[in-house]
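Shown next, in structure tokens, is the structure this report addresses.
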Amino acid sequence: MSRRKTERLLSLVVCLLSTRRYLTAEQIRQAVAGYPDQPEAFKRMFERDKEELRELGIPLETGAISPLDEDVTGYRVQRQAYELPELRLEPDEAAVLGLAARVWRHAELAGAAAGALLKLRAAGIDTDDPDGTARQGIEPRVHTTEPAFGPLWEAVRDRRPVTFSYRAAGRSDPARRELEPWGVVNRHGRWYVAGWDRGRDAVRVFRLSRIEGAVRFSGPPGSVTVPAGTDVREVVRSWDSVPPREHTAVLRLRHGAGYGLRRYATGRQAAAEAPDAAVGWDTITVPFSDIGWFADHVASFGADVVVIDPPDLRDAVIRRLKGALA
Amino acid sequence: MSEPKGRGAGHAATSAERLQRLLALVPYVVSRKAVGLADTAAAFGLSERELVDDLNMLWCVELRDPDPYCPIDLSYEGGEIVISQAESIGRPLRLAVDEASALLVALRMLAEVPGLEDRSALSRVIAKLEAAAGEAAGPSAQVAVQVDRPHGDGVIGHVREALDRRRRVHLRYYVPGRDEATERDVDPMRLLVVEGRAYLEGWCRRADGVRLFRLDRILGIDVLDVPASVPGIARPVDVDQGLFRPSPGDVHVVLEVSAAGRWVAEYYPCESVEELGDGWLRVRLRTPDTQWVRRLALRLGEDGRVTAPGDLRARVREDAAAALARYASG
Numbered sequence: 600m601s602r603r604k605t606e607r608l609l610s611l612v613v614c615l616l617s618t619r620r621y622l623t624a625e626q627i628r629q630a631v632a633g634y635p636d637q638p639e640a641f642k643r644m645f646e647r648d649k650e651e652l653r654e655l656g657i658p659l660e661t662g663a664i665s666p667l668d669e670d671v672t673g674y675r676v677q678r679q680a681y682e683l684p685e686l687r688l689e690p691d692e693a694a695v696l697g698l699a700a701r702v703w704r705h706a707e708l709a710g711a712a713a714g715a716l717l718k719l720r721a722a723g724i725d726t727d728d729p730d731g732t733a734r735q736g737i738e739p740r741v742h743t744t745e746p747a748f749g750p751l752w753e754a755v756r757d758r759r760p761v762t763f764s765y766r767a768a769g770r771s772d773p774a775r776r777e778l779e780p781w782g783v784v785n786r787h788g789r790w791y792v793a794g795w796d797r798g799r800d801a802v803r804v805f806r807l808s809r810i811e812g813a814v815r816f817s818g819p820p821g822s823v824t825v826p827a828g829t830d831v832r833e834v835v836r837s838w839d840s841v842p843p844r845e846h847t848a849v850l851r852l853r854h855g856a857g858y859g860l861r862r863y864a865t866g867r868q869a870a871a872e873a874p875d876a877a878v879g880w881d882t883i884t885v886p887f888s889d890i891g892w893f894a895d896h897v898a899s900f901g902a903d904v905v906v907i908d909p910p911d912l913r914d915a916v917i918r919r920l921k922g923a924l925a
Numbered sequence: 541m542s543e544p545k546g547r548g549a550g551h552a553a554t555s556a557e558r559l560q561r562l563l564a565l566v567p568y569v570v571s572r573k574a575v576g577l578a579d580t581a582a583a584f585g586l587s588e589r590e591l592v593d594d595l596n597m598l599w600c601v602e603l604r605d606p607d608p609y610c611p612i613d614l615s616y617e618g619g620e621i622v623i624s625q626a627e628s629i630g631r632p633l634r635l636a637v638d639e640a641s642a643l644l645v646a647l648r649m650l651a652e653v654p655g656l657e658d659r660s661a662l663s664r665v666i667a668k669l670e671a672a673a674g675e676a677a678g679p680s681a682q683v684a685v686q687v688d689r690p691h692g693d694g695v696i697g698h699v700r701e702a703l704d705r706r707r708r709v710h711l712r713y714y715v716p717g718r719d720e721a722t723e724r725d726v727d728p729m730r731l732l733v734v735e736g737r738a739y740l741e742g743w744c745r746r747a748d749g750v751r752l753f754r755l756d757r758i759l760g761i762d763v764l765d766v767p768a769s770v771p772g773i774a775r776p777v778d779v780d781q782g783l784f785r786p787s788p789g790d791v792h793v794v795l796e797v798s799a800a801g802r803w804v805a806e807y808y809p810c811e812s813v814e815e816l817g818d819g820w821l822r823v824r825l826r827t828p829d830t831q832w833v834r835r836l837a838l839r840l841g842e843d844g845r846v847t848a849p850g851d852l853r854a855r856v857r858e859d860a861a862a863a864l865a866r867y868a869s870g
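Each protein sequence line maps, in turn, to chains A and B.
The opening residue of the first sequence carries number 600 in the working numbering; numbering runs sequentially from there.
The opening residue of the second sequence carries number 541 in the working numbering; numbering runs sequentially from there.
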């Protein structure tokens, strides 16, 4: 069954590529073996076959058979639209292509990467790196463990709006969102989708790991317009970036501890120079932006770090510590 | 509206997939001077028998109208494939949007990888592929993987140098979980770029094991005048299984976090995550070292609590009490 279908589809492709003029469905039925004689059965099978070819990316064209007979639809595939254009790669170029295909291994686009390599090999390109010297010791990978990645990529590719349930940071309940997706970006190892939030009437960025349940299309392909000049990386970057560090904290750190704070210190007084410091302690000044986040961070150092100033930071840290004691 | 398609892995080849293969097979042979059955079967991941079946199917294609003719003529006598007539399918099909995007997104990511010296090959192949893909290359601009740059280019340069010259390195490495700057000698194995972060994989002579070092946590690096010597028992990390795998000796930790602490479940690899209502989560994880969990518990304050093991919970209380004592006396 499946073999007969493969044979039929193969003949159909060759038939459609071999003609310059449009062929009617009836002409195709005559030329390609394997179609039933019964008109309704043929029509159904031919419709399915056309759909399969389109899904494979075969550019099936339809048009009028002749200017005099505009009611009769004909079919053809133009060689120029079908064929991969001439592509010649130097050995070093082909080698990085092989490395690129490995990036997606076991991730959402792995099949697509393998399909692309197959076609490039078919074009005479050898993507293997036989001596393995090109990139000794580099192993790049991207994972797409978030189930939302696949549907969102399809939505971005086909320009379709989506709806999904989203739990914003710190919120206890998820909310329904409708988004015109502009792109997906991986930043610091996390996937984000950026676009126009129809409910909020504003640009929004969502973390894929916080999407709960299924992502559904809420409009037909082509119904999303990405504003000209949109740089999705930049949209995600500006959403994710840390606000300027406008505040300054004075901290006392035990000797040999608090590296995670010392790295960002703008000022440091050795223990001996600080008049109020006990032996084995340093005093540093560190800039910070958000008091809540910074208090969390300082609290994580426990008894190794003490806030001297400002008082509201000191209070916030004490509150965290009391919470951990409870 | 239609449902998005799921991934369709793990099934026998469908007619469509076999058709794709057949359409690639003809140009594969046509574009090469001498093509053997065995090599071609290997290139397509087929047995020779399956390949011969594909070739027979191609040879049998027949168009019946107006006059019957066989558009493809080929032979594979003596183990060499010759296609003397390929008719209209002598060139491969264009790249689909997914295919062009998979390669272009990956290539652009590689172009950002610090220390990759083949930048010129990368930009050349990106330009050629964009040209060949034509319109199908468009949507790839809407997917991007950003690669973090380590602080200062000195670290990456030294890592590359050590890998290329196969030298041992001395690292001053920050371990945030213990808030320690550690000193160690490492025999480099690979540079991994996983999820946009760069890691040096190497044999750590202090731990006597394979370890990963995040490049942005390397405080100092010296390339030693000593050849790297990675023992035969060293097994590279399987990057496809995730970088951090639990091991049998790990401690089971159970944490409960409020809505404000839910980020914990995203940030750390968890064994299970359970909703407790009101936005609270119960998170189970395994770790060889609980020091970082104590620090995490202090950071979370009232937004989290360690519920198991009991002694870890007691340590968190001690840590918090000791820290509070500094404020009481100060």
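Here a beta-carbon is modelled for each residue, glycine too, at the ideal position from N, C-alpha and C.
None of the values given here were measured: they were computed from a predicted structure.
Listed along chain A, no residue sits closer than 7 Å to I758 (chain B) by beta-carbon distance, the nearest being about 12 Å off. Residues of the stretch 637–656 of chain A whose Cβ lies closer than 8 Å to any Cβ of chain B, in chain order: E651, E654, L655 and G656. Taking C-beta atoms as the reference points, V683 (chain B) and S641 (chain B) count as a pair closer than 8 Å. In summary, Q560 (chain B) is buried, with 16 or more beta-carbon neighbours lying within 10 Å of its beta-carbon over all protein chains present.
The beta-carbon of E814 (chain B) is placed no less than 8 Å from the nearest beta-carbon of chain A. Of the other Cβ atoms in all chains shown, fewer than 16 fall within 10 Å of the Cβ of S837 (chain A); this residue is therefore exposed.
Rounded to whole angstroms, the gap between the alpha carbons of L655 (chain A) and V569 (chain B) is 21 Å.
Within the stretch 625–641 of chain B, E627, S628, I629, G630, R631, P632, L633, R634, L635, A636, V637, D638, E639, A640 and S641 place their CB atoms closer than 9 Å to a CB of chain A, listed in sequence order. Taking W599 (chain B) as the centre and dropping the five residues before and after it, the same chain places the C-beta of C610, I612, D613 and L614 closer than 8 Å to its C-beta, in chain order. Given a length threshold of 3 residues, each whole run of the beta strand (DSSP E) inside the stretch 659–709 of chain B is given here in chain order: 683–685. Assignment of P638 (chain A) by DSSP, reduced to helix, strand and coil, places it in the helix class. Annotated three-state conformation of P788 (chain B) is coil, per DSSP. Classified as buried, N785 (chain A) has 16 or more neighbouring CB atoms from the shown chains inside 10 Å of its CB. Assignment of alpha helix (DSSP H) within the stretch 715–780 of chain A, counting only whole runs of 4 or more residues, yields 748–757 in chain order. Taking each of A:R918, A:W790 and A:A754 in turn and checking the Cα distance to P819 (chain A), the smallest one comes out for A:A754.
DSSP places C744 (chain B) in the strand class (E or B) of the three-state scheme. Pairwise C-beta distances place the stretch 757–766 of chain B out of contact with the stretch 787–800 of chain B, as fewer than three of them are shorter than 8 Å. By the neighbour-count criterion, in which a residue is buried when 16 or more other Cβ atoms sit within 10 angstroms of its Cβ, W743 (chain B) is buried. Per DSSP, G801 (chain B) lies in no alpha helix (DSSP H) segment and is marked neither H nor E. Chain B has a Cβ within less than 8 Å of the Cβ of D895 (chain A). Residue-level contact by beta carbon holds for V631 (chain A) and chain B, with a gap shorter than 8 Å.
Using beta-carbon distances, V734 (chain B) counts as an interface residue toward chain A, with a partner under 8 Å. Put simply, of B:R746, B:E735 and B:Q686 the residue whose alpha carbon is nearest the alpha carbon of V709 (chain B) is B:R746.
In the structure shown, W892 (chain A) falls within a helical segment according to DSSP collapsed to helix, strand and coil.
In this structure, the alpha-carbon of P909 (chain A) lies about 29 Å from that of D756 (chain B). For Y674 (chain A), there is no enclosing alpha helix (DSSP H); the residue is found in the beta strand (DSSP E) stretching over D668 to V676.
Residue pairing by DSSP puts V846 (chain B) in a beta bridge opposite B:L795.
Look at W795 (chain A) here: in three-state DSSP terms it is strand. Bridge partners of Y609 (chain B) according to DSSP: B:L603. Y714 (chain B) carries a strand assignment under DSSP once its states are collapsed to helix, strand and coil. The beta carbon of E670 (chain B) does not come within 8 Å of any beta carbon belonging to chain A, so the residue lies off that interface. By the Cβ neighbour-count rule, E738 (chain A) is buried, with 16 or more other Cβ atoms within 10 Å of its own.
Residues are counted here when their Cβ sits less than 9 Å from a Cβ of chain B; for the stretch 653–684 of chain A these are E654, L655, G656, I657, P658, V676, R678, A680, Y681, E682, L683 and P684, given in chain order. Inter-residue distance for C614 (chain A) and T605 (chain A) is about 14 Å (C-alpha atoms, whole angstroms). For the stretch 570–593 of chain B, residues whose beta-carbon sits nearer than 7 Å to a beta-carbon of chain A comprise S571, R572 and A583.
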